[in-house]
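One structure is given here, and the rest of the page talks about it.
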Amino acid sequence: MYANVQMFMGKLQQLIYCNDNELINNQSILCERPQFQLLYEELGSMIQTLFNKEDQHLQNFEEMRKLKKRFKAAAEEAEDIVDIFLSAVHCRNNRYSPISNVFQPYLRLEVVIRSIESIKIEFMTMNIDNMKMDSSLRTDRLHMQSSGTSRGRNSIGSKKVKEEMVVGFDRDAEIIRDKLVEDGKHLDVVSIVGMGGIGKSTLANKVFTDPFVVYHFHVRGWATVSQTYDKRDLLIQVLSSIDDRLELEEATDSQLHQILHRSLYCKRYLIVIDDIWSTQTWDKLKLFFPDHNNGSRILLTSRLTEVAWHAKSHGLIHHLQHLTEEESWKLLCEKVFKGDECPKWLIKPGKQITKNCHGLPLSVVIMAGVLAKEPRRKDVWLKISYSVHSYMASDEKGCLETIALSYHHLPLHLRDCFLYLGGFPEDYKIHSPWLLWVWMAEGFIQEDGSRSLEEIAKGYLMDLVDRNLLIVQKRYLSGDIRRCKVHDLVRQLSVEKGKEERFFLKIEPPSNGLCDIIRKQINKLRNQNKVITTRKQRRVVTNQEIDIMSLSHPPTPRLLVHLRHLEIWLPSFPQSICNLWNLQTLFVSTSSSSMVLPSNISNLVNLRHLTCNAELYLPSIEKPMKLEVTTKVVLGDGVDNFQKCFPRIKRLISTFYYGEENDFEVLHYLQVLMLIGPGYSRRNHIIRFPATLKELTLVRCGLLWSDMSIIQSLPNLEILILKDNCFEGTLWETGEEPFQQLKFLCLEEFNIKKWESSSINFPCLKELHVRNCVDLEEIPLELGDISTLEYIYVFDCGASLLVSLQKIQQEQDDVGNYELEIIIDGRKMPSCVPKHEDEYILLDTMNV
101 MYANVQMFMG KLQQLIYCND NELINNQSIL CERPQFQLLY EELGSMIQTL
151 FNKEDQHLQN FEEMRKLKKR FKAAAEEAED IVDIFLSAVH CRNNRYSPIS
201 NVFQPYLRLE VVIRSIESIK IEFMTMNIDN MKMDSSLRTD RLHMQSSGTS
251 RGRNSIGSKK VKEEMVVGFD RDAEIIRDKL VEDGKHLDVV SIVGMGGIGK
301 STLANKVFTD PFVVYHFHVR GWATVSQTYD KRDLLIQVLS SIDDRLELEE
351 ATDSQLHQIL HRSLYCKRYL IVIDDIWSTQ TWDKLKLFFP DHNNGSRILL
401 TSRLTEVAWH AKSHGLIHHL QHLTEEESWK LLCEKVFKGD ECPKWLIKPG
451 KQITKNCHGL PLSVVIMAGV LAKEPRRKDV WLKISYSVHS YMASDEKGCL
501 ETIALSYHHL PLHLRDCFLY LGGFPEDYKI HSPWLLWVWM AEGFIQEDGS
551 RSLEEIAKGY LMDLVDRNLL IVQKRYLSGD IRRCKVHDLV RQLSVEKGKE
601 ERFFLKIEPP SNGLCDIIRK QINKLRNQNK VITTRKQRRV VTNQEIDIMS
651 LSHPPTPRLL VHLRHLEIWL PSFPQSICNL WNLQTLFVST SSSSMVLPSN
701 ISNLVNLRHL TCNAELYLPS IEKPMKLEVT TKVVLGDGVD NFQKCFPRIK
751 RLISTFYYGE ENDFEVLHYL QVLMLIGPGY SRRNHIIRFP ATLKELTLVR
801 CGLLWSDMSI IQSLPNLEIL ILKDNCFEGT LWETGEEPFQ QLKFLCLEEF
851 NIKKWESSSI NFPCLKELHV RNCVDLEEIP LELGDISTLE YIYVFDCGAS
901 LLVSLQKIQQ EQDDVGNYEL EIIIDGRKMP SCVPKHEDEY ILLDTMNV
């Protein structure tokens with residue numbers, strides 16, 4: 101919700117200050133700028149009041165929630181009024197529009213502004229009342245805590261943990277135990293990090309009760325922090341777990357601190373701090389635990405990687421992984437059959453049930469509870485296997501409630517990003533760059549002035565990963581996330597919360613597609629003379645052909661002027677799309693090999709990302725654009741260069757021109773470039789690259805090998821991909837100049853025969869890929885001496901090259917470098933001194 105208001109405020113800013121967009125620079129809109137300014141100020145004031153002032157001592161949480169809900173409704177109403185006004189202005193200016201007489205161009209914001217002011221007054225009044233009540237309420241709360249049985253609560257919690265069956269954590273427990281009991285004398289912190297329900301507390305208890313750990317430490321204590329930190333409660337928990345005979349209820353906080361100090365003084369202790377949620381809490385907690393240089397340890401569990409890093413000194417941060425299918429099945433059997441064998445007829449449906457739990461121990465335990473109450477019949481278990489997610493959702497105090505704590509601890513700027521994940525299908529592999537672009541288009545990313553939106557969005561993505569709400573599946577060599585996925589239960593939580601927040605609405609389109617839906621809206625407007633708001637219609641994704649021109653008559657699709665993200669199939673690129681001035685992301689698919697971009701493409705003043713599966717021809721352009729990412733664009737005679745068209749471009753696919761100047765040096769933001777040539781070579785060309793370039797792909801460019809020195813001199817180049825004879829000649833001599841930052845090198849479909857190089861040319865190389873280079877005789881042996889090299893991948897190459905790989909492997913084995921992995925046609929090359937007969941067979945099949 102917070103992000104939606106911020107996005108709306110961004111639109112208001114454009115309406116107030118933007119003078120170079122003819123779609124906004126309209127007399128009807130200009131006259132209303134004072135109202136836009138007033139609304140902008142009121143919204144900003146309320147955000148400061150309700151959202152940026154998080155009062156932890158506010159007692160009326162329910163009243164606060166209601167105020168925020170009212171503010172949300174008021175902001176949505178204001179946005180509806182503004183959107184309808186803008187639609188009316190555009191439609192009235194187009195006398196051919198089928199709904200030109202439906203929208204009335206009036207902007208009436210007085211009522212909604214009064215509503216916002218009323219909410220602000222109520223908040224201030226409520227806050228003053230709470231401040232008066234705060235001291236007496238705090239006294240009552242402390243009295244209740246001191247008279248309660250914290251010791252009993254802790255004992256019950258610990259008993260529950262100890263009774264759980266532990267499966268699949270043997271190796272994890274061994275790693276943590278060894279770190280806890282190692283020789284270091286200083287007090288150190290070891291952390292277990294993972295998503296809710298993955299078994300962090302269970303693993304901590306397994307280590308806590310390990311006989312060697314019990315023997316090693318003189319004193320052991322346990323405290324569960326959970327969502328809110330309370331010093332008194334925590335002291336009582338630790339002391340009660342150390343000695344349950346202590347009478348602590350009547351002790352003051354100071355006395356409790358003294359008792360804990362005496363209990364730990366000069367003793368080697370282990371304290372488990374379970375379920376800690378913030379770095380501030382750790383900063384308060386660590387003051388209770390003295391360092392007597394005797395090897396004492398603290399074991400933390402948390403869902404937040406940030407907390408673990410904050411607490412870490414020289415200790416270990418152990419990221420707990422999901423159970424394997426085999427481990428999940430073993431846990432289910434132990435829970436259901438209590439040591440007895442599983443009947444053969446239940447094995448197949450049982451394993452399907454554990455597979456649907458996706459390695460989350462909490463899910464397996466809940467499903468075991470369900471199965472234990474049902475008849476042991478194959479048909480019953482098979483039916484249950486189809487409904488695992490339903491059982492998870494219905495277990496109110498099980499999975500979803502446990503994982504929901506992570507959602508409630510999300511900062512406001514991450515909540516919409518998290519809720520957006522609920523729109524993906526189950527087990528969907530999310531392409532991270534695409535996700536970041538959509539987040540930006542949706543307005544979820546808050547600008548801070550010092551970094552680009554993409555950099556901030558990457559930070560948001562990593563924050564969700566560090567909070568164990570996203571699973572990384574693959575990374576780029578740079579370390580950025582390439583693909584990620586959402587655990588089914590986390591996705592279910594996102595869907596449930598999204599429904600509560602009215603965040604999204606899933607619509608099953610009719611057979612005629614989106615076109616039919618919008619036409620029905622237009623007909624409804626005609627028949628009922630009512631306005632259907634377009635506030636929620638920010639993003640349209642479809643794989644069906646849409647004739648945008650037919651939705652409303654030329655020159656613009658009036659009902660879609662509020663779109664920020666559009667994925668669409670088009671036979672050609674209509675000028676009408678260029679009037680969707682709110683668009684930030686546009687993905688176009690077509691069956692044509694090329695599409696002509698209209699000259700008014702620059703009317704898309706907010707467009708950052710433009711991609712298409714065809715070549716985009718740009719004959720002319722009216723003014724520079726904010727475009728940052730685009731696929732293959734060919735410039736026409738009416739366009740001078742990319743710098744004048746797209747001065748902010750960061751990622752570009754372009755044609756390599758012979759006989760012309762290929763000057764990319766003026767593109768000061770360019771980081772990723774792909775150049776595609778026609779496949780033949782000429783010698784009269786000029787090529788320049790910017791120092792900002794990090795990734796370069798060359799295809800069929802026919803360059804001379806002497807041009808490689810230009811590429812070698814690039815100070816920030818990390819990835820270089822050379823494809824389809826992009827250089828002319830069969831010999832590549834790299835000379836003495838190094839590729840300063842190159843980490844990834846790929847040679848693909850080359851007629852190169854000899855490659856002369858040494859380790860000094862590639863001081864940072866991590867991966868080398870050689871594909872379909874059948875004439876290449878060998879990979880230079882000295883490349884094996886590169887200290888950073890981790891992998892050599894070879895596909896479809898000649899026998900002599902494979903022999904050179906064997907020599908590299910032999911030399912590295914001789915010097916004790918067993919870290920380098922050589923992969924040939926998808927199989928790892930074994931050590932050159934085979935230990936087993938099957939390795940001889942593998943060597944033989946590789947022709948080595």
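First residue of the sequence shown: 101, per this note's numbering; consecutive thereafter.
Even for Gly, the Cβ is constructed at its ideal location relative to N, Cα and C.
For the beta strand (DSSP E) holding residue i, just list the boundary residues, first then last.
| i | result |
| --- | --- |
| Glu878 | Looking at the DSSP string, Glu878 is not in any beta strand (DSSP E), and its letter there is neither H nor E. |
| Lys574 | 571-575 |
| Trp409 | Per DSSP, Trp409 belongs to no beta strand (DSSP E); it is in the alpha helix (DSSP H), 405-411. |
| Thr731 | 729-738 |
| Ala468 | Element bounds for Ala468: not the beta strand (DSSP E) but the alpha helix (DSSP H), 461-472. |
| Tyr891 | 891-895 |
| Leu400 | 397-402 |
Between residue i and residue j, what straight-line distance do the alpha-carbon atoms span, to the nearest angstrom?
| i | j | result |
| --- | --- | --- |
| Arg368 | Ala411 | 19 Å |
| Leu348 | His318 | 22 Å |
| Thr454 | Ile484 | 11 Å |
| Met107 | Val189 | 21 Å |
| Pro655 | Ile677 | Confidence in Pro655 is poor, its pLDDT being 38 and thus under 50, which makes the residue's placement too unreliable to answer from. |
| Gln906 | Leu803 | 32 Å |
| Gly395 | Lys279 | 11 Å |
| Asp283 | Arg277 | 12 Å |
| Lys384 | Leu577 | 39 Å |
| Ala408 | Arg397 | 14 Å |
| Leu683 | Leu876 | 48 Å |
| Leu564 | Leu570 | 6 Å |
| Asn694 | Ile749 | The displayed chain sequence assigns Ser, not Asn, to residue 694. Straight-line Cα distance between these residues: approximately 21 Å. |
| Leu303 | Thr324 | 14 Å |
| Leu130 | Asn741 | 34 Å |
| Ile617 | Pro533 | For Ile617, the predicted model reports a pLDDT of 40, less than 50, meaning its position is unreliable and no value from the coordinates is stated. |
| Leu139 | Val105 | 12 Å |
| Asp183 | Asn126 | 15 Å |
Just to confirm the assignment, what range does the alpha helix (DSSP H) spanning residue i have?
| i | result |
| --- | --- |
| Met808 | 808-812 |
| Ile908 | 899-914 |
| Asp288 | From DSSP, Asp288 is part of no alpha helix (DSSP H) but of the beta strand (DSSP E) over 288-293. |
| Arg950 | Nothing in the structure corresponds to residue 950, since the chain is present only between 101 and 948. |
| Cys584 | No alpha helix (DSSP H) holds Cys584; the beta strand (DSSP E) holding it covers 581-585. |
| Cys846 | Counting along the chain, Cys846 falls outside any alpha helix (DSSP H), though it belongs to the beta strand (DSSP E) covering 844-848. |
Can you give the beta carbon distance from residue i to residue j, rounded, assuming they're within the 8 Å contact cut?
| i | j | result |
| --- | --- | --- |
| Thr730 | Thr755 | Contact flag wrong, Cβ pair sits at about 13 Å. |
| Lys853 | Thr830 | 4 Å |
| Leu404 | Gly299 | Contact flag wrong, Cβ pair sits at about 17 Å. |
| Ser301 | Asp374 | 5 Å |
| Leu775 | Leu798 | 5 Å |
| Val705 | Lys726 | 7 Å |
| Asp824 | Glu849 | 5 Å |
| Leu400 | Val289 | 6 Å |
Applying the 10 Å Cβ sphere with the 16-neighbour rule, what's the burial state of residue i?
| i | result |
| --- | --- |
| Pro671 | exposed |
| Phe389 | buried |
| Tyr365 | exposed |
| Ala472 | exposed |
| Arg567 | buried |
Per DSSP, what kind of secondary structure is residue i in: helix, strand or coil?
| i | result |
| --- | --- |
| Asn816 | coil |
| Lys529 | coil |
| Ala351 | coil |
| Ile753 | strand |
| Arg567 | coil |
| Ala998 | The structure shown does not extend to residue 998, since the chain is modelled only from 101 to 948, so the question has no answer here. |
| Ala134 | It is Pro, not Ala, that sits at residue 134 in the sequence shown. Of the three classes helix, strand and coil, the one that applies to Pro134 here is helix, per DSSP. |
| Met774 | strand |
| Ala791 | coil |
| Lys853 | coil |
| Asp824 | coil |
| Trp669 | strand |
| Asp391 | coil |
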